[in-house]
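Protein chains: 4
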Amino acid sequence: MRDPEFENLTSGWWRLPTGPTNMISDVAGVRVGHCTKNDGSARTGVTAVLPHSGNMFSQKLEAGVAVLNGFGKSVGLVQVKELGQIETPILLSNTFAMPTCSTVLTKRAIAQNPEIGRKLPTVNPLAFECNDGLLNDIQALHVSEDMAQAALDSAAAEFELGSVGAGTGMKSFGFAGGVGSASRLVQIGDDLQYTIGALVLSNFGKQSEFRFCGKRLLETNGENETPDRGSIIILLATNAPLCSRQLKRVASRSSAALGRMGSFLGHGSGDIALAFSTANQAQTNVGKATVQFERLNESLLDQMFLGAVEAVEEAVLTAMWHGKSREGYDGIAFPELRNSMLNDKE
Amino acid sequence: MRDPEFENLTSGWWRLPTGPTNMISDVAGVRVGHCTKNDGSARTGVTAVLPHSGNMFSQKLEAGVAVLNGFGKSVGLVQVKELGQIETPILLSNTFAMPTCSTVLTKRAIAQNPEIGRKLPTVNPLAFECNDGLLNDIQALHVSEDMAQAALDSAAAEFELGSVGAGTGMKSFGFAGGVGSASRLVQIGDDLQYTIGALVLSNFGKQSEFRFCGKRLLETNGENETPDRGSIIILLATNAPLCSRQLKRVASRSSAALGRMGSFLGHGSGDIALAFSTANQAQTNVGKATVQFERLNESLLDQMFLGAVEAVEEAVLTAMWHGKSREGYDGIAFPELRNSMLNDKE
Amino acid sequence: MRDPEFENLTSGWWRLPTGPTNMISDVAGVRVGHCTKNDGSARTGVTAVLPHSGNMFSQKLEAGVAVLNGFGKSVGLVQVKELGQIETPILLSNTFAMPTCSTVLTKRAIAQNPEIGRKLPTVNPLAFECNDGLLNDIQALHVSEDMAQAALDSAAAEFELGSVGAGTGMKSFGFAGGVGSASRLVQIGDDLQYTIGALVLSNFGKQSEFRFCGKRLLETNGENETPDRGSIIILLATNAPLCSRQLKRVASRSSAALGRMGSFLGHGSGDIALAFSTANQAQTNVGKATVQFERLNESLLDQMFLGAVEAVEEAVLTAMWHGKSREGYDGIAFPELRNSMLNDKE
Amino acid sequence: MRDPEFENLTSGWWRLPTGPTNMISDVAGVRVGHCTKNDGSARTGVTAVLPHSGNMFSQKLEAGVAVLNGFGKSVGLVQVKELGQIETPILLSNTFAMPTCSTVLTKRAIAQNPEIGRKLPTVNPLAFECNDGLLNDIQALHVSEDMAQAALDSAAAEFELGSVGAGTGMKSFGFAGGVGSASRLVQIGDDLQYTIGALVLSNFGKQSEFRFCGKRLLETNGENETPDRGSIIILLATNAPLCSRQLKRVASRSSAALGRMGSFLGHGSGDIALAFSTANQAQTNVGKATVQFERLNESLLDQMFLGAVEAVEEAVLTAMWHGKSREGYDGIAFPELRNSMLNDKE
């Protein structure tokens, strides 16, 4: 989501060109939807990422996981690690909404594939979480199945960033904002160009450690700051033909992006990255004994890695840039990075 | 649960002495409860394992995980791997009941610790599953929060085995039966004796491969058998002072027990083992900067490993021995091992 | 290596047909060579496994690793796990010979690819070990570069088993014997047939726990036995088109084979399995940006898993069956399984 | 190693206080020695890190490993991961010197413990590598056992940084320099203070991506740069009482430090971190069945993590700051960061 002021402030920091919209949906077929609940004691929501528009269970996608810090309650990772594939859309929400999100994904898969759990194996729902409990009364379990379904139903190539959907009540490095996205174009030799896009649910980081494009914003030493109890979920999509092992390598580069911004991967921060590839879709046809799988030459991965690092860093910055200050159920509110930086310039 | 006929048939196969009841509850403090739903299209239930009787969230236990084959949808493992601790009881049920079980564990933890998700971090519910869809109409989502709560409430040192609780609709190596348990006494030097106990939710194995104490029961080659789509969940409890790394080593020995019975850890079988220690409970007091942790000498682990292997193998055999043949919602029923073996002898 | 007496004793225990010679070399292209040093205080040697006859560095093979118990000093696994490939032959020897084996593999790769470490990356030598110190004076560092080279040079489809090469001074479940091999044919649907072969360097197991085809040989309880300080290295080769993730799954099934024979994966036993595929060789051409990779349908892996388990179990039994009793440098000798079992029958 | 000019340039970038000398040897007992070979075609050497002055085999230390990118040939990691301990000093050198370093460590352990490989288990030598082949004729195998022994023998609390020992022929982000070190003091509550120190063998990074304290030095886009084929080895020492699982968590934070400097963990860069604790030494006495182990409260790890990130980042910068430009065997030389930055200021 292009914003000239933001692009001006970050100009010169990046190496790789962005995709047309600088969003994860620059990877063809990827769509994102939100459902936001911002009333009463609720500052929460659901964000859905649909890797393709078809039946994910019958057309699985290759995927890899990197658990950077496993203090988290996300659902579905054990099977992704074993089989290297995802078979549902991905839902993001608050920590206590994981069961609701799982149930909706399971029901949706059954509706599309009525033999799941009967003639077909069961399905592995994929849901990730951060804790929005500073603004949202998380114990009230505000997220309903209808909300998760609405997020799935509203998925589109265009979508909002900042304090919206699962990111409604989240903060990053002390500033409001939760959902961010960016993309990069990766040139391989003269002939091949791929896109890699990131979507983050960002709820992590200490304000006193934050660097905006390498520069610290604050000169306090963070002594009075509360400990970092947040988390960050990082989703990476690419149309490059990568296998699950390669995608795991791509996902693990996210830690470098977090480091660039000043994170030290705090103890209480569940930092988890998942990367998937939209290539090789036709190859999951279960009717064939062997499939022909296209795979990028391992020695050409460096630009994919750089693209992943840049997309993840910029995605977090966009989550903060588009964040809206809102009073939480308990009277707390977070400042807005955009206001803070534009005022600084005046 | 002692049964003279069973003990007679397995006599001579084991090396280590059993605990007093030959159940996981021989580890002091461990209790197990069931809730069974066996009507209409339901052949399912919930089994609860309570590692101690106190507040698990404030008195966490050291734990380790071994994912033998990750084709499974269990919940909570990411955090156990990172932090080496469990902080809720453990619920076992069918695949699609994982959300319900998670929710009940979260609500229970909040009831005991009202600041969870507020001043305290969120809680990591721990729930494991097998697919009972051959007998149970799994799509009907028969497991309710009340059932999970009832399993927790009924926990006791004495409990049923076989086709009960989470094991109601399960089969092992083609025979009826799901919940099994056994225990072993482990002597360390002259002075120290520990107990290790196993509880399994067993739903795995091809009948044509089954060995009862090393001996094949069937002489068919399994050609017409359906593929093994089951799973096995293995819980190991011990009062030995083991750290999470050592407990992971103990848990990983379960694969040898499965091998003894003829399993080859089939592709579709989610085989997951978790081991926890009831020692060092007082050491989780979050008020102290450092804790004194007791740890068994690494070079003395062999008897613990052997105890784990024997307890897991016998636990699976007890699940089968106590299995009850029941017609499922779709007209299928599994034979009973006990009948089959006692008739063989006649 | 076929032996009618052995086949008679094990008849009925296996499900899958063996390859023509029942050796790892039934996988086309795989060759094995030995160099044995059995004089003075030396009861040791080197065994070389050549996955194909070409230049392994320029034609790497897909591979996966399962560390069943990491109490071992094998060399090269970190990179295999990351990149999913092997790029040298594999050398097996005693623990303190790992540096010598590594050096020989590096020199050999440089001789074939003079730009290694210059215009090309460095090479990852792959060497595995067990401790033959009960018979061999391991501190004397008996293994020379010439011996490692001789093992490589003598590689052939036919090779000896038992107390030979790296297995010269080893014992398994208390009996003499170290190198074993077996193979299985795996039928996938009606049209596809693959071979999976195992070669083990076996130096593990407690005699009192040993089961021969499910039956305990000894009725002692092992009280006076020395602790199991051995190890087992398991190499699996297949011509099935498996990726590194799938090969890791195949390798991990070895633990079930060890369990069948009575192992509990003792603390001091470095139990490591590596599986490689000879398929997709042409695809490692570094000149292409993307390669077409053939991959077996994940849901058809069960027979590969069963084949791996059977081949590993039989390979260990052949190592023992062909073992020769030899007095070690310190006066110790191990009994021969063949004598023991044939005498039992008389 | 304090340098006022360097401290002036980096002032304000760090949060935590340094130890007295800002070296890994600020952790009491840790000593470092070098042996440098800088003649003929040799630009190489060995660096030894001695975690304590006693017998490492009989007094093992708790340790944890994080393989950030496993394109590397380091030796000994499999066992450290399994057992959570190190039992020899650590040697750093070039890639092809790993066998020599392993042999020297094994011989040294045997000299101190004559029953190794006999009544005692074998020993796990720990050696790490980067490829110095751009300056050093690595195929000539310049590193001898004497050199490795000399590095061990010269270990002291004071030691040189930059182009010395194993770092003689190495470069970091395009500048000369290989060995770096730094330390941080970590305050836990009011009463406890620990030290964490880093030593790096740094041979990684693209010049066009380099950030010095967040600021890019070069404005080129790196198009004509050669791919990053280097690696970085990161050793972290602390006197805080951490267990192997916690030390693994500490080690894994190194990736954030690399990210801060502009690394994206390139494909060809073997990036490996090992952290050890000098606490709990008396607890490895093998004569006891159980030991009392002191462990830091998990929720207090954040300052250790921050200390690790800062120490690793500064250690790399010191490796570069002290680097010396030397012509390699093939005519290549790397610029010196110190000259480059001080000239920039003029």
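In order, the protein sequences belong to chains D, G, V and E.
Residue 343 in the numbering used here sits at position 343 of the first sequence; the count goes up by one each step and never skips.
Convert by adding 1000 to the 1-based position in the second sequence; the result is the number in the numbering used here.
Convert by adding 2000 to the 1-based position in the third sequence; the result is the number in the numbering used here.
Convert by adding 3000 to the 1-based position in the fourth sequence; the result is the number in the numbering used here.
C-beta atoms are modelled at their ideal positions from N, C-alpha and C, and glycine is treated no differently.
Any C-beta of chain V sitting closer than 7 Å to the C-beta of Pro-3089 of chain E? It does not; no Cβ of chain V falls within 7 Å.
Segment contact, 8 Å Cβ cut-off, at least three pairs: the region 2307-2315 of chain V with the region 2175-2185 of chain V: Here the region 2307-2315 of chain V makes contact with the region 2175-2185 of chain V; the two share three or more CB pairs at distances below 8 Å.
Kindly list the residues whose CB is nearer than 6 Å to the CB of Gly-2169 of chain V, restricted to its own chain and excluding five residues on each side of it in sequence; keep chain order. Setting aside the 5 residues that flank it on each side, Gly-2169 of chain V is surrounded in the same chain by Arg-2043, Thr-2044, Asp-2132, Leu-2135, Asn-2136, each with a C-beta closer than 6 Å to its C-beta; the list follows chain order.
Take Glu-1209 of chain G as the anchor and find which of V:Phe-2175, V:Ile-2233, V:Ala-2256 has the nearest alpha-carbon. The shortest C-alpha separation from Glu-1209 of chain G is found at V:Ala-2256.
For the region 3199-3218 of chain E against the region 3314-3326 of chain E, are there 3 or more C-beta pairs whose distance is under 8 Å? The region 3199-3218 of chain E is in contact with the region 3314-3326 of chain E.
Reduced DSSP secondary structure (H/G/I, E/B, other) of Arg-2249 of chain V: Three-state DSSP puts Arg-2249 of chain V in a helix.
Which one of V:Ile-2086, V:Tyr-2329, V:Thr-2036, V:Ala-2109 has the shortest CA to CA distance from Thr-2047 of chain V? Nearest of V:Ile-2086, V:Tyr-2329, V:Thr-2036, V:Ala-2109 to Thr-2047 of chain V, Cα basis: V:Thr-2036.
Using the Cα positions of Lys-3073 of chain E and Lys-2073 of chain V, report the straight-line distance between them to the nearest angstrom. If you take the alpha carbons of Lys-3073 of chain E and Lys-2073 of chain V, they lie about 13 Å apart.
What residue from G:Ala-1157, G:Ser-1041, G:Ile-1024, G:Gln-1085 has the CA that sits closest to Gln-1281 of chain G's CA? Closest option to Gln-1281 of chain G, Cα to Cα, is G:Gln-1085.
Using a Cβ cut-off of 9 Å, pull out every chain D residue sitting near Ala-2289 of chain V, in sequence order please. Going along chain D in sequence order, the residues near Ala-2289 of chain V (Cβ under 9 Å) are Ile-188, Gly-189, Asp-191, Leu-192, Leu-296, Asn-297, Leu-300.
Expected contact under 8 Å - CB spacing of Val-2078 of chain V and Leu-3235 of chain E to nearest Å: Wrong, their Cβ atoms sit about 16 Å apart, outside the cutoff.
In terms of residue numbering, what span does the beta strand (DSSP E) encompassing Glu-129 of chain D cover? Per DSSP, Glu-129 of chain D belongs to the beta strand (DSSP E) from 126-130.
Identified DSSP bridge partners for Asn-1094 of chain G: Residue pairing from DSSP places Asn-1094 of chain G in a beta bridge opposite G:Cys-1130.
Here's the rule: buried if 16 or more other CB atoms are within 10 angstroms of the residue's CB, otherwise exposed. What is Glu-346 of chain D? Bear in mind that the predicted position of Glu-346 of chain D carries a pLDDT of just 47, short of 50, making it too unreliable to give a figure here.
For chain G, is any of its Cβ atoms less than 7 Å away from the one on Ser-3254 of chain E? No - not a single Cβ of chain G is within 7 Å of the one on Ser-3254 of chain E.
Chain E within 7 Å of Gly-133 of chain D, Cβ atoms only: So, not an interface residue.
With distances taken from CA atoms, which of E:Asn-3239, E:Ala-3156, E:Arg-3295 is nearest Val-3049 of chain E? Sorting E:Asn-3239, E:Ala-3156, E:Arg-3295 by C-alpha distance to the C-alpha of Val-3049 of chain E places E:Ala-3156 at the top.
Which two residues bound the contiguous beta strand (DSSP E) that contains Ser-268 of chain D? Residue identity differs from the one stated: residue 268 of chain D is Gly in this sequence, not Ser. Unbroken run through Gly-268 of chain D: none, as it is neither H nor E.
What are the boundary residues of the alpha helix (DSSP H) that Thr-2318 of chain V is part of? Segment 2302-2321, the alpha helix (DSSP H) holding Thr-2318 of chain V.
Under three-state DSSP, which class holds Leu-201 of chain D? Here Leu-201 of chain D sits in strand by DSSP.
Nonlocal neighbours in the same chain, by C-beta distance under 8 Å from Met-2341 of chain V, ignoring five residues either side: Contacts found: Leu-2009, Phe-2212, Leu-2217.
Kindly identify the DSSP beta-bridge partner or partners of Lys-3037 of chain E. Residue pairing by DSSP places Lys-3037 of chain E opposite E:Thr-3044 in a beta bridge.
Look up Gln-3187 of chain E in the DSSP assignment and say whether it is helix, strand or coil. Gln-3187 of chain E falls in the strand class under three-state DSSP.
Please list the residues of the region 3235-3248 of chain E that have a C-beta atom closer than 8 Å to any C-beta atom in chain G, keeping them in chain order. Of all residues in the region 3235-3248 of chain E, only Pro-3241, Cys-3243, Ser-3244, Arg-3245 come within less than 8 Å of chain G when Cβ atoms are compared, listed by chain position.
Can you tell me where the beta strand (DSSP E) with Ser-3231 of chain E in it begins and where it stops? In this chain, the beta strand (DSSP E) harbouring Ser-3231 of chain E covers 3231-3238.
Quick one, are the C-beta atoms of Lys-1060 of chain G and Glu-1082 of chain G less than 7 Å apart? No, these two residues do not count as a Cβ contact at 7 Å.
Would you decide whether Ala-1028 of chain G is buried or exposed? Buried here means 16 or more other CB atoms lie within 10 Å of its CB. An exposed status is given to Ala-1028 of chain G, since fewer than 16 other beta-carbon atoms sit within 10 Å of its beta-carbon.
Sub-7 Å separation of Asp-1271 of chain G and Leu-1068 of chain G beta-carbons: In this structure, Asp-1271 of chain G sits near Leu-1068 of chain G, with a CB-CB distance shorter than 7 Å.
Just to make sure I have the definition right: I need the residues of chain D whose C-beta is within less than 8 Å of the C-beta of Ser-1074 of chain G. Which are they? Ordered by position in chain D, the residues that pass the 8 Å Cβ test against Ser-1074 of chain G are Val-78.
Below-7 Å beta-carbon distance, Arg-3118 of chain E vs any chain D residue: Chain D contact via Cβ: absent.
Identify each residue in the region 1261-1285 of chain G for which the Cβ-Cβ distance to at least one residue of chain V is less than 7 Å, and report them in chain order. Taken in chain order, the members of the region 1261-1285 of chain G whose beta-carbon sits within less than 7 Å of a beta-carbon on chain V are Ser-1263, Phe-1264, Leu-1265, Gly-1266, His-1267.
Taking the C-alpha atoms as reference points, what is the distance between Pro-335 of chain D and Gln-207 of chain D? Counting only the Cα atoms, Gln-207 of chain D lies some 11 Å from Pro-335 of chain D.
Alpha carbon to alpha carbon, how far is Ala-2251 of chain V from Gly-2259 of chain V? Rounded to whole angstroms, Ala-2251 of chain V to Gly-2259 of chain V spans 14 Å at the Cα level.
By the 10 Å Cβ neighbour count, where 16 or more other Cβ atoms means buried, how is Ile-1011 of chain G classified, buried or exposed? Checking the displayed sequence, the identity of residue 1011 of chain G turns out to be Ser instead of Ile. When all chains shown are included, Ser-1011 of chain G counts as exposed.
Can you say whether Pro-3241 of chain E is buried or exposed, counting buried as having 16 or more other CB atoms within 10 angstroms of its CB? By the Cβ-count criterion, Pro-3241 of chain E is buried, with 16 or more other Cβ atoms from all chains shown falling within 10 Å of its own Cβ.
Given this structure, state the Cα-to-Cα distance separating Val-179 of chain D from Ser-163 of chain D, to the nearest angstrom. So the two alpha carbons sit approximately 7 Å from each other.
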